[in-house]
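S.K.: Keeping their order, the protein sequence lines are chains A and B.
Reminder that position 62 of the first sequence reads as 62 in this note's numbering, one-by-one numbering, no gaps.
Remember, this note's numbering sits 205 above the position in the second sequence when you count from 1.
Note that the Cβ used here is the ideal one computed from N, Cα and C, for glycine as well.
Take this structure first; my questions come after.
Protein chains: 2
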Amino acid sequence: MPRMKEKTAIPPEADFEVQPTRARILEVGERLVQVRGFNGFSYADVAGELSMTKASLHYHFPTKADLGEAIIARYAGRFFEALAAIDGELTHAPAKLSAYAELYADVLRDERMCLCGMLAAEYDTIPSRMRDAVVGFLDDNESWLAAVLEHGRHDGSLSFAGTSSVTARSIVSGLEGAMLVARPYGAVERFETAAKQLLASLAGT
Amino acid sequence: MPRMKEKTAIPPEADFEVQPTRARILEVGERLVQVRGFNGFSYADVAGELSMTKASLHYHFPTKADLGEAIIARYAGRFFEALAAIDGELTHAPAKLSAYAELYADVLRDERMCLCGMLAAEYDTIPSRMRDAVVGFLDDNESWLAAVLEHGRHDGSLSFAGTSSVTARSIVSGLEGAMLVARPYGAVERFETAAKQLLASLAGT
DNA sequence: GTCTATAACGAGATAGAC
DNA sequence: GTCTATCTCGTTATAGAC
Chain A
1 MPRMKEKTAI
11 PPEADFEVQP
21 TRARILEVGE
31 RLVQVRGFNG
41 FSYADVAGEL
51 SMTKASLHYH
61 FPTKADLGEA
71 IIARYAGRFF
81 EALAAIDGEL
91 THAPAKLSAY
101 AELYADVLRD
111 ERMCLCGMLA
121 AEYDTIPSRM
131 RDAVVGFLDD
141 NESWLAAVLE
151 HGRHDGSLSF
161 AGTSSVTARS
171 IVSGLEGAML
181 VARPYGAVER
191 FETAAKQLLA
201 SLAGT
Chain B
206 MPRMKEKTAI
216 PPEADFEVQP
226 TRARILEVGE
236 RLVQVRGFNG
246 FSYADVAGEL
256 SMTKASLHYH
266 FPTKADLGEA
276 IIARYAGRFF
286 EALAAIDGEL
296 THAPAKLSAY
306 AELYADVLRD
316 ERMCLCGMLA
326 AEYDTIPSRM
336 RDAVVGFLDD
346 NESWLAAVLE
356 HGRHDGSLSF
366 AGTSSVTARS
376 IVSGLEGAML
386 VARPYGAVER
396 FETAAKQLLA
406 SLAGT
């Protein structure tokens, strides 16, 4: 007799409820923020895509600020899972940086802006808890990169002037800017070229 | 007896009409787009700041798209005037690049985002003529930078791998990204450090 | 050229039935 | 949990007086 929380062989999809409503809302909302911005989409847009009513959305997320916060939290969670996966799979610092840049490229291939880059542009108009989450996301990115940079400098695979922290910031801003500018052209190559050049400038001796 | 259009010693301010209404609208609108985004401000915001009614704004700019187009045109005009001034005052390529970065820094010190960087983020939601103007602005920036880079490489004051065009794009995206990320922190130093590092990587042999 | 007044619509949000 | 119905407010935009 299965105890509570015991895993079974039956995958969640067998529930005939592929994804709970809350998760589907977050998925659609995330994409809309990345493509149109937080000020560029409405509850009606989300409801329309999910064929449900605005009122139902408000049951799951009472205010748009609640929805926005949850979108960032989900995004950040997945992003840092991806960074943990990179840490688990790769040890060579330059390879980690390439994998990091590839995360951005994947977002751009989906015709989206980095969620937090988009929200950074809209910073002055978003709810304050969302602001804090954006800054936290950027800080955590820099910390992860700084650790990689420090490691790479130590083993000679990377070389750069200044602190690892400052260089980490240059990487974040360089990649965010490359996404920002590449998107109006619909040209992922623009991003890839800029990213390649940016990482090449950190090549070890 | 003064002929038409002949210049007088009386400055325009003596007209007791310091700036025509149209120009004041554009000035306020420009700042609002740079701070809050095109989707983040309304005719009511502009009207409020100028102590006039929304209806009067519509007399000067029938639609918000008209206003947006005019804002970009004015901004681009002033920006390229500034580039022409740089060309007139400086010949050393690295000095020109520093002056170029300083234009960005000045915008950021005013707590604004680059107009076209902001509109690049909102790209998918802005009127099509505004989109074209944004891309044109980016193209013209790259052209100017590419010319400076080409010149600097020729006289040995600059050194970089790849074409001047690709490197120009890296500069634009690097500076735009540095602005984007620095603004949530309200920290101009973040931008300055990133810009310095970016330009230093182009130092000549 | 600026105003009052208002139209027409979409936004975020709530009440209450099912 | 999802719906219908509605509220309130803000938005872009227009008509017409001054």
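Taking Cβ to Cβ, would you say I71 of chain A is nearer than 8 Å to L108 of chain A?
M.R.: Against a cut-off of 8 Å, the Cβ pair of L108 of chain A and I71 of chain A comes out as no contact.
S.K.: Please classify A168 of chain A: does DSSP put it in a helix, a strand, or coil?
M.R.: It is helical.
S.K.: What is the DSSP secondary structure of A408 of chain B, reduced to helix, strand or coil?
M.R.: Here A408 of chain B sits in strand by DSSP.
S.K.: Rounding to the nearest angstrom, what Cα-Cα distance links E286 of chain B and V353 of chain B in this structure?
M.R.: Cα to Cα, E286 of chain B sits roughly 16 Å from V353 of chain B.
S.K.: M257 of chain B versus chain A: which residues are under 9 Å apart at the beta carbon?
M.R.: None at all; the shortest Cβ gap to chain A is about 23 Å.
S.K.: I believe E235 of chain B touches Y280 of chain B by the beta-carbon criterion, under 8 Å. Please report the beta-carbon distance rounded to the nearest angstrom.
M.R.: At roughly 6 Å, the Cβ-Cβ gap stays under 8 Å, so E235 of chain B and Y280 of chain B are in contact.
S.K.: Can you tell me the Cβ-Cβ gap for P121 of chain A and G253 of chain B, rounded? I've got them flagged as a contact below 8 Å.
M.R.: Sequence inspection shows Ala at residue 121 of chain A; the Pro mentioned does not correspond to that position. Going by Cβ atoms, the distance from A121 of chain A to G253 of chain B rounds to 23 Å, so no, they are not a contact pair.
S.K.: Could you tell me whether any Cβ in chain A is nearer than 8 Å to the Cβ of R374 of chain B?
M.R.: So, interface residue.
S.K.: Quick check on DSSP: helix, strand or coil for L363 of chain B?
M.R.: L363 of chain B: strand per DSSP, three-state reduction.
S.K.: Can you pull the chain B neighbours of P127 of chain A, defined as C-beta to C-beta under 8 Å?
M.R.: Those within 8 Å of P127 of chain A in chain B number zero; the least Cβ separation is about 13 Å.
S.K.: Residues in its own chain within less than 6 Å of A399 of chain B by CB, not counting five upstream and five downstream?
M.R.: A383.
S.K.: Quick one: which chain A residues come within Cβ less than 9 Å of T398 of chain B?
M.R.: Within 9 Å Cβ-Cβ: G162, V166, R169, S170.
S.K.: Which residue's Cα is closest to the Cα of Y59 of chain A: A:N39, A:R78, A:T21?
M.R.: The shortest Cα separation from Y59 of chain A among A:N39, A:R78, A:T21 belongs to A:T21.
S.K.: Could you give the first and the last residue of the continuous alpha helix (DSSP H) run that contains E235 of chain B?
M.R.: 226–241 is the span of the alpha helix (DSSP H), which, as asked, contains E235 of chain B.
S.K.: How big is the Cα-Cα spacing for H92 of chain A and L180 of chain A?
M.R.: The alpha-carbon atoms of H92 of chain A and L180 of chain A are separated by roughly 28 Å.
S.K.: Alpha helix (DSSP H) containing E69 of chain A: first to last residue?
M.R.: Unbroken alpha helix (DSSP H) run through E69 of chain A: 64–89.
S.K.: Quick one: is A47 of chain A near chain B, going by C-beta distance under 8 Å?
M.R.: So, not an interface residue.
S.K.: May I ask you to verify whether the segment 160–172 of chain A touches the segment 138–146 of chain A, counting CB pairs closer than 8 Å and requiring at least 3?
M.R.: Flag = yes, the segment 160–172 of chain A and the segment 138–146 of chain A touch.
S.K.: Within 10 angstroms of its Cβ, does P184 of chain A collect 16 or more other Cβ (buried), or is it exposed?
M.R.: Buried, by the Cβ-count rule.
S.K.: Can you name, in chain order, every residue of its own chain whose Cβ lies under 7 Å from the Cβ of K7 of chain A, other than the five neighbours on each side?
M.R.: Because the pLDDT at K7 of chain A is just 40, under 50, the model does not fix this residue reliably, and the value given afterwards should be weighed accordingly. Hits under 7 Å: none found.
S.K.: For G282 of chain B, which option in B:E355, B:V339, B:L302 has the closest C-alpha, if you only look at C-alpha atoms?
M.R.: Considering only alpha carbons, the answer is B:V339.
S.K.: Say whether chain A places a C-beta atom closer than 8 Å to the C-beta of L288 of chain B.
M.R.: It does not: the Cβ of L288 of chain B has no partner Cβ on chain A nearer than 8 Å.
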